[in-house]
């Protein structure tokens, strides 16, 4: 139900962005694109004092994990210096433990020596950004702050067992017990390069900051973030 | 008109955001009224050798005929009632508990299930305590040295490894639930209730001090329960007792593993699947949804919460049962 609502709002947004064009420009101010972002994701912990020992334990044993975000977007120029962008994105961000030694009651080459757990939050949502062009020449440099609102699809846990001669992975998914809706801030600095009259590519160092804690109704807060680079391939119809 | 469309769209984003965020507040039971101590040792449950699970006198041990599957963990269940108070039996479901009742469940693994004397790995202890007519729930994570356990309220994931009865070294990510997750399973509308300690799940023969006795009679002897005739109440068969009929074992399994959500006051009150043992088969929805039940269990999508791996043996039981339904 929530995903349908997101898609309906996205469709209306795309239609209203399209409607802003009066059809008289030589090159459409509306662009469509595919965005792929990758980087490192992690979490920040804000625990009450009595749980500091847990926070210290987790900060000692956990580390960032590769995260990514892929999506489709529509971008509309507004005047010479500004633009609005709307898109729908799938994100996979989280964290993992460091490798941990396993001890067994007896030895066997069939028993794993070490293990690592990774937790990946899979989200689907809408992203709205304002584009402010700083340099607008052959290469356009712009600042792009924005927000996204995402629904949790699943939290995927992957258990990796390390053996003498290889590793084994098993995974499971859980959704219940975590926040379902996430509000995130997005900040990018982008460079847009025109490849042709219709195609352009953008490279954007990007920071996505979660405002919503993954834990519900809890004084201990855990927020996710992603620091990486966004690649956008844009198409503008003549 | 165009500006109106753009403004309308921006407003719809705002409305959507508010709606999505407000939806979250609908389904969660409010927090405990009882303030749980930071350490489990405050409850004075255990004594003696660290990690031995030897419990103190005011606590009594009990077991249930069909247990909840929890990632192959073992469980020790304890009950403590206030002095002179007893459980009152209403029917074959939950008895009535006196105020200040405490239910304790410790989750652990044998280091080597082939040789249980090799020791245990204590993971967590869950506490339910009845205060002023309201159940309160929390859980404690055992420390690495097993000397005590610390209160956990926001959930925790940790790796657990053990050798199972077949000599296979198993590793999994064990999920200690958050307060909110406790409320998902232990839910009766907007209140918390116990789940496993139903009369029908206690009504079977146990071996105590070398003597076989019906557990309800044992409870009466211990002063925990008013004197009743166990024959007047239903008894859940053990799900893995192959001498019992398949349908009864499967219904017992579904009762314990699924019915706390799949009933009219649980997490899935609108589901047409009602899986309590006392619901007649014709009203349970099992026949109409048998294909969906099998697919969701096989995929690991159900149970929704409380496990991170599939119960292969339990799934086989349910799968055989569903196939037997004409």
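Protein chains in written order, with this note's numbering: chain A, 1 to 238; chain B, 1001 to 1326.
Yeah, the Cβ is synthetic: ideal placement off N, Cα and C, and Gly gets one too.
- Residue 112 of chain A reaches chain B at 1169, 1171, counting residues in chain order whose Cβ is nearer than 7 Å.
- Across the structure, residue 1145 of chain B and residue 1107 of chain B are spaced so that their CA atoms are roughly 16 Å apart.
- Taken through DSSP and simplified to helix, strand or coil, residue 1287 of chain B comes out as coil.
- At a C-beta separation below 8 Å, residue 1300 of chain B has these neighbours in chain A: 172, 173.
- Taking a beta-carbon distance threshold of 9 Å, residue 215 of chain A counts as an interface residue toward chain B.
- The closest CA to that of residue 1085 of chain B, considering only B:1253, B:1102, B:1307, is found on B:1102.
- By DSSP's assignment, residue 1047 of chain B forms a beta bridge with B:1054.
- Taking a Cβ-Cβ cut-off of 7 Å, the neighbours of residue 119 of chain A in chain B comprise 1157, given in sequence order.
- When DSSP states are grouped into helix, strand and coil, residue 63 of chain A belongs to the strand group.
- Boundaries cannot be given for residue 1261 of chain B, as no alpha helix (DSSP H) includes it and DSSP labels it neither H nor E.
- Taking 9 Å as the threshold, the shortest C-beta distance from residue 1180 of chain B to chain A falls below it.
- Annotated three-state conformation of residue 1040 of chain B is helix, per DSSP.
- Counting only runs of 3+ residues, the beta strand (DSSP E) found wholly inside the region 79-120 of chain A occupies 82-97, in chain order.
- Taking the C-beta atoms as reference points, residue 1199 of chain B is found nearer than 9 Å to residue 1234 of chain B.
- Going by C-alpha positions, residue 1288 of chain B is about 21 Å away from residue 1256 of chain B.
- Under DSSP, residue 72 of chain A takes part in a beta bridge, and its partners are A:34, A:88.
- Our two residues, residue 135 of chain A and residue 142 of chain A, have alpha carbons roughly 7 Å apart in a direct line.
- As a beta-bridge residue in DSSP terms, residue 229 of chain A pairs with A:38, A:205.
- A contact is defined here as three or more CB-CB pairs under 8 Å, and the region 50-59 of chain A fails this definition with respect to the region 80-92 of chain A.
- The beta carbon of residue 222 of chain A sits closer than 9 Å to some beta carbon of chain B.
- DSSP places residue 1181 of chain B inside the alpha helix (DSSP H), whose first and last residues are 1179-1185.
- Residue 207 of chain A and residue 1188 of chain B have their C-alpha atoms some 43 Å from each other.
- Each residue's CA atom was taken as its position, placing residue 183 of chain A and residue 123 of chain A some 11 Å apart.
- Sequence-distant Cβ neighbours of residue 154 of chain A in its own chain, meaning closer than 6 Å and more than five residues away, are 122, 173, 175.
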